[in-house]
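Asks: Quick one: this structure, given as structure tokens, is what I'll be asking you about.
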Amino acid sequence: MKAADIKVFKASLEALRARLRGDVSTMADAALRKTRSEASGDLSSMPIHMADIGSDAFEQEFTLSLMASEEGTLELIEQALERIRSRTYGTCDECGGVISKKRLEAIPFAAMCIRCAEQQEHPHGDRPRQPR
């Protein structure tokens, strides 16, 4: 892969990493707030409706799930940046072949070529049927 291409992918990965770090930080703040009343500054002793408590719990669990997903993506981005540093970026971790530029443009942190990724996703050849 050309040095100019590597530079573009590195910038793309760093921008994505910065955005996700900001998102995770914002979500962490949201997930860590205690209750709807505390978040709004209402510290009165009025009881909270049970449905509000359930909504808060669901929202917190959903936010934590999103954070875990984004932190996984952040780890993949860090691994891709390490591959750039070690000059193995664009090489499939599985077969050693070239990862297509189009694939890297779509998923800049991809560690495998399309064929190896599909084999890992569907190890027994049980790929879903394509619509006609």
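Going by the numbering used here, the residue at position 63 of the sequence shown is 57; the numbering climbs one at a time, nothing skipped.
Every residue, glycine too, gets a C-beta built ideally from N, C-alpha and C.
Counting C-beta neighbours from all protein chains within 10 Å, is the total for Gly84 16 or more, i.e. buried, or is it exposed?
Replies: Result: buried.
Asks: For Cys86, report the span of its alpha helix (DSSP H) as first-last.
Replies: First-last for Cys86: undefined, no H or E at that position.
Asks: From what residue to what residue does the alpha helix (DSSP H) around Cys107 run?
Replies: First-last for Cys107: undefined, no H or E at that position.
Asks: Val92: which of Ala100, Thr82 and Ile101 sits nearest, CA to CA?
Replies: If we check each option's Cα against that of Val92, Thr82 comes out closest.
Asks: Would you check if there are 3 or more beta carbon pairs closer than 8 Å linking the stretch -5 to 14 to the stretch 110 to 119?
Replies: No, the stretch -5 to 14 does not touch the stretch 110 to 119.
Asks: Tell me which same chain residues have a C-beta within less than 6 Å of the C-beta of Leu75, skipping the five on either side of it?
Replies: Here the set comprises Leu7.
Asks: Buried or exposed for Pro102, please, with buried defined as at least 16 other CB atoms from any protein chain shown within 10 angstroms of its CB.
Replies: Looking at its Cβ environment, which holds 16 or more other Cβ atoms inside 10 Å, Pro102 is buried.
Asks: Assign Ala104 to one of two classes, buried (16 or more other C-beta atoms within 10 Å of its C-beta) or exposed (fewer than that).
Replies: Ala104 is buried by the Cβ-count criterion.
Asks: Spatial neighbours of Arg97 within its chain, please: C-beta separation below 8 Å, excluding the five flanking residues on both sides.
Replies: Closer than 8 Å at Cβ, skipping near neighbours: Ala104, Cys107 and Ile108.
Asks: By Cβ distance, which residues of its chain are closer than 6 Å to Ala(-5), with the 5 residues on each side in sequence left out?
Replies: First, the amino acid is wrong: residue -5 is Met here, not Ala. Correct list, in chain order: Gly84.
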